[in-house]
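Here is the structure we will look at.
Number of protein chains: 2
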Amino acid sequence: MKDSAEKPLDLSAQIATSIRDSIISGALNVDTRLPSESELSEEFNVSRSTIREALKRLAAQSLIRTQRGASGGAFVNKLTFQEAYGQQITTSTLLLSMNEVSLVTACEARFAMERACIPLASERRKPEQLKTMRSEIQKQTLKSLSDEDFCASDVAFHRALVDAAHNPVLSFQLAGAVEAMQPLMNMVTYTARDRVRIVAFHSNIADAIEDHDADLAEFTLQNLEAYTIELAHSVLQEKAGARKTAD
Amino acid sequence: MKDSAEKPLDLSAQIATSIRDSIISGALNVDTRLPSESELSEEFNVSRSTIREALKRLAAQSLIRTQRGASGGAFVNKLTFQEAYGQQITTSTLLLSMNEVSLVTACEARFAMERACIPLASERRKPEQLKTMRSEIQKQTLKSLSDEDFCASDVAFHRALVDAAHNPVLSFQLAGAVEAMQPLMNMVTYTARDRVRIVAFHSNIADAIEDHDADLAEFTLQNLEAYTIELAHSVLQEKAGARKTAD
DNA sequence: AGACTTTTAAATGTCTGACAAATGGTTTAT
DNA sequence: ATAAACCATTTGTCAGACATTTAAAAGTCT
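Each protein sequence line maps, in turn, to chains A and B. Residues 1206 to 1452, numbered by this note's numbering, are exactly what the first sequence covers, in order. Residues 1206 to 1452, numbered by this note's numbering, are exactly what the second sequence covers, in order.
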């Protein structure tokens, strides 16, 4: 109805879709072995290379894994949180870098999601996460820290905050958002960032989380967001100014 | 350091990784044409089939698209929000179905993220989203509606709520969370759900959003979450009870 | 009988070469 | 000038071969 000019898919894409549907629907359970490539090529009436291309597509999405040798083959893969993180981060990163998403929009989304963790995090935070946050804060005070390392530490701090909610699904969803923002953030923070101020925010957030004070943590996080967006605006204006004088 | 038993990757996987890195790093811009398969096979010193398997891997992640014919080839694909949604939903769905995530954990994550949209949504909601919410609520009151259609409408309602924040990044991240929960939710809602009560929650949320009353909307959403989790618990207990009597 | 080695069979990974199909450009015929 | 025929390029598909890996089966020695 919307766009009937859809190309007919390749055979390998069709077959991949067919198998993928079986996996998603649950018709093929985890660790089930698919028929061998030769058997599949008979079943679908295509050549082995076409089957292989289909299987590689599925492997790229971590839907199957393959093993060589006798009793080898393609097995339905149990998607781990680890693998899912990776795909999430790749997708988010590319989406942001290819779609002219404004820094403000990205910040807004990221902090909105992070704020969503605060109530759970301040309720459930364990010494482990507090320790991580403190040690990252400590690291961030070092003058010798490179900008890159400061950013990485920043990510680690926020990651600990998210993990403090002790909800793996939440951690998974946010991993992409936080990690994917880093490259974008870097553009801002490298030039205009006031480390002392950011460390103060971090410190206050950690204190609030430790005190189980969700409201204060949320308030502080909002201030950090406001500061970050303010930075984003000033950097954009600088760029605009530079472009104008260059004309 | 952690697990040195990492298998050496296939050639096609190595090549895919190599090209993927070039795309992510920005060395290959959107719509850039990759060398032809024959050229790539010379460049990497492998056969054309190996190159093709590598390219299919990339195509499966929407990193490239291919075109046949003269002046055809593989092009770096601009990842659209649409495509990213799809991948996000697939990944989230599989992750949940394969990792014994408890319904409570999933609900918690989903509502936490949705709550994160409320402030923005109540500030920016446009007539369009209000209209969608109202019409879905209307639909949900029909007794003739099947359970499946009720669920679909439920998703559409929440989707409208998320979209009301008018932040595409947020919509993207949440699409996966909300859609992926549907199969899990179904298990609960099919058996124990009180439609009237749910419709009342939806209605109150829509009212609050229309009134720009973020606090009320958030409060109501929290009540809906509590009710859903309560349902989840009662269903789990029923199951446990059934299992016990079966012993 | 049990432990070790060798063989074998099955499966994926890779290569080669061929043809089909699509597609844009070029030439030719009208 | 326009349309048709042709051509070159490139991906899509196929067939068959060989390499490599792996587990199990068969064989051998003690």
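Virtual Cβ for every residue (Gly too), placed ideally from N, Cα, C. From a predicted model like this one, the values you see are computed outputs, not experimental measurements.
At a C-beta separation below 7 Å, Ser1254(B) has these neighbours in chain A: Ser1254. For the set Ser1327(A), Lys1283(A), Leu1216(A), the Cα lying nearest the Cα of Asp1420(A) is the one of Ser1327(A). The C-beta of Lys1348(B) has fewer than 16 other C-beta atoms within 10 Å across all chains shown, which makes the residue exposed. Secondary structure note for Arg1398(A): it is in no alpha helix (DSSP H), with a DSSP letter that is neither H nor E. Between Leu1379(A) and the set Gly1291(A), Arg1253(A), Ser1276(A), the nearest pair of CA atoms involves Gly1291(A). In this structure, the beta-carbon distance from Ala1365(B) to Thr1337(B) falls below 8 Å. DSSP, read as helix, strand or coil, puts Arg1273(B) in coil. Taking a Cβ-Cβ threshold of 8 Å, the residues of chain B close to Thr1310(A) are Asn1372, Pro1373, Val1374, in chain order. For the pair Ala1422(B) and Asn1372(B), the Cα-to-Cα distance works out to about 18 Å.
Across the region 1212 to 1223 of chain A, CB contacts with chain B closer than 9 Å involve Asp1215, Ser1217, Ala1218, Ala1221, in sequence order along the chain.
Of all C-beta pairs linking the region 1403 to 1410 of chain B to the region 1425 to 1432 of chain B, three or more are shorter than 8 Å, placing the two stretches in contact. For Gly1291(A), the enclosing alpha helix (DSSP H) stretches over residues 1286 to 1303.
Remark: C-beta atoms of Val1360(B) and Glu1384(B) approach each other more closely than 8 Å. Annotation: Cβ neighbours of Cys1322(A) in chain B (cutoff 7 Å, chain order): Ala1317. Nearest neighbour of Phe1286(B) by Cα position, chosen from His1417(B), Gly1381(B), Leu1216(B), turns out to be Gly1381(B).
The Cβ neighbour count for Gln1272(B), taken over all protein chains shown within 10 Å, is under 16; the residue is labelled exposed. Shown here, Arg1257(B) sits in a helix according to DSSP, grouped into three states.
Between Leu1284(B) and Met1318(A), the CB-CB gap reaches or exceeds 8 Å. Within 7 Å of the CB of Ala1289(B), the CB atoms of chain A belong to Thr1296, Leu1300, in sequence order along the chain. If you look at Ala1317(A), you'll find it in the alpha helix (DSSP H) that goes 1308 to 1329.
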